[in-house]
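So in the working numbering, spot 53 of the sequence shown is number 53, and the numbers just go up one at a time. Just so you know, even glycine gets a beta-carbon here, dropped at the ideal spot from N, CA and C. In what follows, a structure is listed as structure tokens, so that the remarks can point back to it.
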Amino acid sequence: IVASLPCYLEENVDRQRGAGVFARSIAVLRRLNGLGYGRAGSDLELSLVYNPQGPSLPPEQHRLEVEYRQRLATGYGIEFTR
1 IVASLPCYLE ENVDRQRGAG VFARSIAVLR RLNGLGYGRA GSDLELSLVY
51 NPQGPSLPPE QHRLEVEYRQ RLATGYGIEF TR
């Protein structure tokens with residue numbers, strides 16, 4: 001599964017996509033994790049796609065992935081494959 005999450009901060013996602021979108025996205029990601037998607041040792045992949053806001057280039061991929069992993073895991077208990 002590929003999911004788009006433009007940021008790990010609620011205010012940024014809701015500003016870009018509308019009020020409440022971040023909370024609904026987190027709920028869906030948690031449900032997918034509960035089904036085994038994105039979990040360590042699982043063959044069920046969950047990939048997150050970053051969408052830059054505005055006319056700018058995205059940050060370096062590895063650094064961005066590390067930051068997403070840390071923020072989503074500690075803040076919401078979410079894991080993903082890549």
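**Study point:** Integer-rounded CB distance, given that residue 22 should sit under 8 angstroms from residue 13
**Key:** 4 angstroms
Review point. Of the choices 43, 37, 64 and 40, whose alpha-carbon is the least far from that of residue 50?
Key: 64
Check your understanding: Among 48, 44, 55 and 15, which residue has its Cα nearest to the Cα of residue 61?
Key -> 48
Exercise for review: Enumerate in chain order the residues of its own chain whose CB-to-CB distance from residue 42 is below 6 angstroms, with the five nearest sequence positions on each side excluded.
Suggested key: 36
**Study point:** Candidates 53, 81 and 1, of which the one nearest residue 17 by Cα
**Key:** 53
Review point. For the beta strand (DSSP E) that contains residue 47, what are its first and last residues?
Key: 47-49
**Study point:** Residue closest to residue 57, alpha-carbon to alpha-carbon, out of 71, 6 and 82
**Key:** 6
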